[in-house]
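Working notes, beginning with the structure itself.
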Amino acid sequence: MKEGMLYDTNRYQLRSFVLQRMQKIIQQQKRAKALQTVFFGDSIVQYFDLAKYLPELGTCYNCGIAGITSDMLLHFVDEAVIKYQPKQVFLMIGTNDLGDTVMASPRQIALQVKELVEIIQNNLPQAQIFILSCLPCLEALHGYSAQGKGMRSNDLIQMIFKEEQTCIHSTQVHFIQLFHDANNQVYLQASDYTDGLHPNETGYQKISQILLAQYRQILKNQ
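In the UniProt record's numbering, the protein residues as written are 1 to 222.
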């Protein structure tokens with residue numbers, strides 16, 4: 001993250017809290033049981049109380065890292081996913097890539113997620129992978145016009161998921177839409193956020209129900 005730097009190129013800068021979180025994930029991995037579930041992604045994953053909201057999935061290991069980008073996940077996938085030896089992996093990433101440090105395009109983000117999927121699949125050929133769409137943001141608080149930097153917008157957030165569906169093809173990869181329903185009605189409202197970007201308790205309850213409904217349907221169709 002850029003933080004107070006006067007100048008950076010497009011290089012993500014590791015911060016102490018990110019490194020501390022990575023170390024916790026590595027320590028958790030040493031105690032983990034194989035063939036469970038791993039969630040890997042950014043702060044929306046890290047703050048997701050999986051035991052509380054998704055008990056149906058059994059034992060889940062939360063490997064979310066606040067502030068992380070898709071490119072940086074590629075450098076940590078062995079420690080945060082592969083060494084856990086999970087039976088299924090849920091991925092949510094992309095919103096931070098649109099921030100003012102990296103400013104990646106939806107296509108670039110999707111291709112990095114594709115590479116992430118390929119690494120996981122070739123190391124864990126039996127694992128099922130679920131790609132979760134990014135959540136909408138409140139553009140009045142986090143959009144480009146509000147912040148005057150970055151390129152975050154709901155149009156681009158939705159485009160990430162479309163690009164992922166276009167470039168990732170595998171019978172063991174499944175897509176879960178958390179942005180809107182079949183009628184393009186956005187699931188989360190302003191009252192479902194703590195800050196316009198991260199869900200509050202009600203928001204997490206909503207996305208948990210939506211996630212589980214689609215997850216059950218995917219399993220039913222297999």
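Backbone N, C-alpha and C define an ideal beta-carbon position, used for all residues, glycine too.
All values reported here derive from a predicted model rather than from experimental measurement.
Quick one: what does DSSP say residue i is sitting in, helix, strand or coil?
i	result
Gln108	helix
Gln126	coil
Met5	coil
Gln165	helix
His75	coil
Val117	helix
Val204	Note on residue identity: the sequence assigns Tyr, not Val, to residue 204. Correct three-state label for Tyr204: helix.
Ile65	coil
Gln142	Note that residue 142 is His in the sequence shown, not Gln. His142: helix per DSSP, three-state reduction.
Ile93	coil
Leu132	strand
Phe39	strand
Phe17	helix
Gln185	coil
Tyr193	strand
Val45	helix
Pro199	strand
Gln85	coil
So residue i and residue j are in contact, right, with Cβ under 8 angstroms, and what is the actual spacing, rounded?
i	j	result
His180	Tyr187	6 angstroms
Gly143	Ser133	Contact doesn't hold; Cβ gap of about 18 angstroms is too wide.
Lys83	Gln29	5 angstroms
Cys63	Phe39	6 angstroms
Gln214	Ile176	5 angstroms
Lys24	Thr59	Going by Cβ atoms, the distance from Lys24 to Thr59 rounds to 17 angstroms, so no, they are not a contact pair.
Taking buried to mean at least 16 other C-beta atoms within 10 Å of its own C-beta, is residue i buried or exposed?
i	result
Pro55	exposed
Tyr204	buried
His169	exposed
Thr194	exposed
Arg21	buried
Thr69	buried
Lys114	buried
Met92	buried
Gln158	buried
Nearest CA to the CA of residue i: which residue from the options?
i	options	result
Asp155	Leu14, Ser170, Leu135 and His169	Leu135
Thr37	Gln13, Ile207, Phe130 and Phe17	Phe130
Ile65	Gln46, Val89 and Glu115	Gln46
Phe161	Gln185, Leu178 and Gly196	Leu178
Leu212	Tyr53, Gly67, Ala34 and Gln20	Tyr53
Tyr137	Glu115, Ile44 and Gln13	A small fix is needed here, since residue 137 is Cys in this sequence, not Tyr. The option with the nearest alpha carbon to Cys137 is Ile44.
Gln85	Leu91, Gly41 and Leu35	Leu35
Ile218	Asn184, His174, Val113 and Gln185	His174
Tyr7	Val102, Arg216, Gln158 and Gln165	Val102
Val117	Glu139, Ala140 and Phe90	Phe90
Gly41	Ala104, Gly94 and Leu19	Gly94
Ala104	Ile26, Asp71 and Gly67	Asp71
Leu14	Glu201, Leu73 and Ser191	Leu73
Lys206	Asn221, Ala190 and Lys220	Ala190
Measuring only from the beta carbon, is residue i closer than 8 angstroms to any heavy atom that is part of the ligand FMN?
i	result
His180	The ligand FMN is not part of the structure shown, which contains no ligands of any sort.
Just checking, does the segment 89-99 make contact with the segment 108-126 on the three C-beta pairs under 8 angstroms criterion?
yes
Report yes or no: do three or more beta-carbon pairs, one from the segment 73-81 and one from the segment 112-124, lie closer than 8 angstroms?
yes
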